[in-house]
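> Reading the sequence shown from the start, the letters are residues -24 to -1, 1 to 572 in mature numbering (1 follows the signal peptide of the UniProt record, and there is no 0).
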Amino acid sequence: MSRRFAVLWAVLLVGLLAPMPASAQGDGARHDGATLRIGLQQQIDSLNPFLGYTVASSDIFRSIYPTLTTYSPDDFSVMPELAESWEPSPDRLAWTFRIRSGVKWSDGQPVTAHDAAYTFNRMMTDPAASTANGNVVKNFEAVTAPDDTTLVIRTKTPQATMLAIDAPIVPEHVWSKVADVATFANDQMPVVGSGPFTLTGYRAERDVTLTANPGFWRGAPKVAGLQFIQFKNSDAAVQALRKGDVDVVQKLTSAQFDALAGQPDIQQVKGQGRRFFELSLNPGAANSENQPIGTGHPALKDVRVRQAIDQAIDRKVLVERVLGGYGQEGGGYLPPIFSDYQWTPPQPRTFDPAAANRKLDEAGYARGADGIRRTPQGEPLNFKLVLHGSRSEDTQVGEFVKRWLADLGIGVDLQPVSDNQLNDRTTSGDYDMVISGWSANPDPDYVLRLQTCASRPGPDGGGNPDTFLCDQQYDDLYNRQLGEFDQAKRVDLVKQAQARFYDQAAGLILWYQNSLEAYRADRYSGFTLQPKTDGVIVAQQGYWSYYGAQPTDKALNGSGTDYTGVAWVLGGVVMLAGVVVALVVVRRRATADTRE
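1. Would you call the region 81 to 89 and the region 167 to 187 in contact, with 3 or more CB pairs under 8 Å?
2. Take the Cβ of T402 as the centre, count every other Cβ of all protein chains shown within 10 Å, and call the residue buried at 16 or more, exposed below.
3. Going by other Cβ atoms of all chains shown within 10 Å of its Cβ, with 16 needed for buried, is K227 buried or exposed?
4. Go ahead and pull the three-state DSSP assignment for E60.
5. Do R499 and D183 have their C-beta atoms closer together than 8 Å?
6. Just to confirm, are R432 and S256 a CB contact at a threshold of 8 Å?
7. Any idea if L139 is buried or exposed, counting beta-carbon neighbours within 10 angstroms, 16 or more meaning buried?
8. Ordered along the chain, which non-local residues of its own chain (more than five positions away) have a Cβ less than 6 Å from that of V54?
9. For V119, which residues from the same chain have a beta carbon less than 6 Å from its beta carbon, with the 5 sequence-adjacent residues on both sides left out?
10. According to DSSP, which residues form a beta bridge with P356?
11. Do you know how far the Cα of G220 is from the Cα of V245?
12. Under 7 Å Cβ to Cβ from A475, same chain only, skipping five residues before and after it: list those, please.
13. In terms of residues, what are the limits of the alpha helix (DSSP H) holding V113?
14. Just checking my contact of R291 with W193 at CB under 8 Å: how many whole Å lie between their CB atoms?
15. Would you say the region 449 to 456 touches the region 417 to 436, given that touching needs at least three Cβ pairs under 8 Å?
16. Should the region 232 to 245 be called in touch with the region 308 to 317, which here means at least 3 C-beta pairs below 8 Å?
17. Apart from the five residues just before and just after P64, which ones in its own chain have a Cβ nearer than 6 Å to its Cβ?
18. Less than 8 Å between the CB atoms is what I'm expecting for L398 and V373, so what's the real figure, rounded?
19. Using a Cβ distance threshold of 8 Å, determine whether the region 301 to 313 contacts the region 489 to 496, with at least three qualifying pairs required.
20. Among the residues of its own chain, which have a CB less than 7 Å from the CB of G518, if the five just before and after it don't count?
21. For my contact list, A158 and N109 are in at a C-beta cut-off of 8 Å; report their separation, rounded to the angstrom.
22. What three-state label does DSSP hand V557 in the structure shown?
23. Report yes if the C-beta distance between Q480 and L458 is below 8 Å; otherwise report no.
24. When you compare the region 210 to 220 with the region 8 to 23, are there three or more beta-carbon pairs, one atom per stretch, that lie closer than 8 Å?
25. For the candidate residues A515, N417, V470, T11, whose alpha-carbon lies nearest to that of A200?
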């Protein structure tokens, strides 16, 4: 046996024989043929709903915990959930929500307005509890529950987003006993919830198991449970789908999606995506006290330099060559799926190297005899581009950008790093350019706030910035849209904010990618897509697809392989001791691949 083969075999054995964490034993395995198995290539950053905010974690929370309102599977319109009705005061400073009677937690205790009041008050008073959804309560003055079915929220100023409060609500009788939210993993099974499913099993970096809740107020799901199986990459997930070892996969590459066309028993789903893919340029990172931080190149403080870089990027080529045509060229901040708020630049900075060169000349970065542009101090103009080392699309974009900027006389140093390293460098401003991106919600407030001065970290850290943009004109537009209740006027303000963001060129929106999925049609049908036209299965704004999934006779009676014992090995995941505690204690900004 060769040394190389021996090492590989040893690694595989270690993975296959690794013991299951105690918190996941017993109910953690697949229950029967009617358990819907979803393949993920995303990080589940935490099972704690106050802390977890990756797309994968949010997807799980929506199946476990109630929210005041939810979004229609047809068109993202707001509809009742735990709150069956609501009414604002004449001055729009107080909102009264009527909480649905008869809803129970999975341990039999009633769900009341007191649980909602406790949840929001904890987010308002405990910094750790505001990690994932602190933006929701930022403007709250007081939250009270006069009785079991009445919740009253008073705001400091009128807030137009009061019906977009989709933060998970937790049971007070459980969470009031949690002294330190920041270190609470929430991995002791079963976890108390009240959604269509209950969290019953967890194996770190491997899988999460949910069991159908027969007492769910809308009625029990048609499947026995869900199992979210983690893969290091989409190749391993697709292999599992072909074998019938998982039922749904998402985040397929264009090549994988095309290769599945016509495959027996496999159905493809091409939906509109909620994400934007972005190249962030460091405009001069600073903290909330306006103290400079990080290592950003001073040339990028000049908006003309940032705009010149934008004009050197050919978005059409990126969509065709990197996405295989499965996407749309970027422009405005919000993706086309939210058509009411989408804004398209009336005079876009199209691919124009000549115009980009003129801007750089005007900015004072002249070419030397060798064709290389130099700073006024005579230093070659070079930028560091930080990207995810594990993602091929990042690498491809990096190579294109390097080539295009070289034509302008600018050097680019591609720096592929791990996700954690990218997170650290981004939040500390240690970059010139970085690959970024977010998933937008039906209400645009959350992602709009990422570009405000208030999103920057304090002197002691924290914060949740995207580009470190701090522009008073943008902030004024953001604050005005937040307090505008006339929908047409609010839409106009949101579009004005996007126009200002585009003008500042701190974040270059490169594309809006289609969501490419596939599922085993021989095992499941009846998936509710969201939205109804060009919708998706995984990572919805709700639980609709999982709740409505209908198992076929094959799923109900077939054996099917329990793939989770080997999925993480084939996917290349390395299990680290204490990973749950580390992810909870050391909160990191989610990456462009996983952020909600």
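Glycine is no exception: its CB is placed at the ideal position from the N, C-alpha and C atoms.
Taking the structure as given:
1. Counting C-beta pairs with one atom in each stretch, the region 81 to 89 and the region 167 to 187 have three or more that are closer than 8 Å, which means they touch.
2. The residue you call residue 402 lines up with position 426 of the sequence shown. Burial check for T402: the Cβ neighbour count within 10 Å reaches 16 or more, so the residue is buried.
3. To locate residue 227, count along the sequence shown from 1; it is residue 251. With 16 or more other Cβ atoms within 10 Å, it is buried.
4. Position 84 of the sequence shown, counting from 1, holds the residue named residue 60. E60 sits in a strand when the DSSP states are folded into three classes.
5. Counted from its first residue, the sequence shown places residue 499 at position 523. Counted from its first residue, the sequence shown places residue 183 at position 207. Against a cut-off of 8 Å, the Cβ pair of D183 and R499 comes out as no contact.
6. Stepping through the sequence shown from its first residue, residue 432 is reached at position 456. Stepping through the sequence shown from its first residue, residue 256 is reached at position 280. No; because the gap between Cβ atoms is not below 8 Å, this pair is not in contact.
7. Here residue 139 is taken as the residue at index 163 of the sequence shown, counted from 1. If you draw a 10 Å sphere on the C-beta of L139, you find 16 or more other C-beta atoms in it, and that means buried.
8. Translated into positions along the sequence shown, residue 54 becomes position 78. Taken in chain order, the residues that qualify are T45, L139.
9. Translated into the one-based positions of the sequence shown, residue 119 becomes position 143. A93, F96, N97, I129, listed in sequence order.
10. For the purposes of this step, residue 356 is taken as residue 380 along the sequence shown, with counting starting at 1. Residue pairing for P356: DSSP places it in a beta bridge opposite R350.
11. Taking the first residue of the sequence shown as 1, we reach residue 245 at position 269. Taking the first residue of the sequence shown as 1, we reach residue 220 at position 244. When the Cα atoms are used, V245 and G220 turn out to be separated by approximately 17 Å.
12. Translated into positions along the sequence shown, residue 475 becomes position 499. By the criterion of a C-beta distance shorter than 7 Å, A475 is surrounded in its chain by W319, once the five residues flanking it on both sides are discounted.
13. As a first step, residue 113 must be located in the sequence shown, where it is residue number 137. Looking at the DSSP string, the run of the alpha helix (DSSP H) that includes V113 is 110 to 113.
14. In the sequence shown, the residue the question calls residue 291 occupies position 315. In the sequence shown, the residue the question calls residue 193 occupies position 217. The beta carbons of R291 and W193 sit about 46 Å from each other, so the pair does not count as a contact at 8 Å.
15. Touching, per the Cβ criterion.
16. The region 232 to 245, when compared against the region 308 to 317, does not touch it at the 8 Å Cβ threshold.
17. Here residue 64 refers to the residue found at position 88 of the sequence shown. Cβ neighbours of P64 within its own chain (closer than 6 Å, five residues either side excluded): W71.
18. Translated into positions along the sequence shown, residue 398 becomes position 422. Translated into positions along the sequence shown, residue 373 becomes position 397. Actually they are not in contact, since the Cβ atoms of L398 and V373 sit about 14 Å apart, beyond 8 Å.
19. Output reads yes: the region 489 to 496 touches the region 301 to 313.
20. Here residue 518 refers to the residue found at position 542 of the sequence shown. Around G518: R38, T46, Y47, P49, Q506.
21. One-based indexing of the sequence shown puts residue 158 at position 182. One-based indexing of the sequence shown puts residue 109 at position 133. The Cβ separation is near 15 Å, so there is no contact.
22. Walking along the sequence shown from the start, residue 557 turns up at place 581. In this prediction, V557 has a pLDDT of 36, which is less than 50 and means its spatial position is unreliable; nothing more can be read from the coordinates.
23. Counting from one through the sequence shown, the residue named residue 480 turns up at place 504. Counting from one through the sequence shown, the residue named residue 458 turns up at place 482. Using a Cβ distance threshold of 8 Å, Q480 and L458 do not count as a contacting pair.
24. With the cut-off at 8 Å, the region 210 to 220 and the region 8 to 23 touch.
25. To locate residue 200, count along the sequence shown from 1; it is residue 224. Considering only A515, N417, V470, T11, the residue with the shortest C-alpha distance to A200 is T11.
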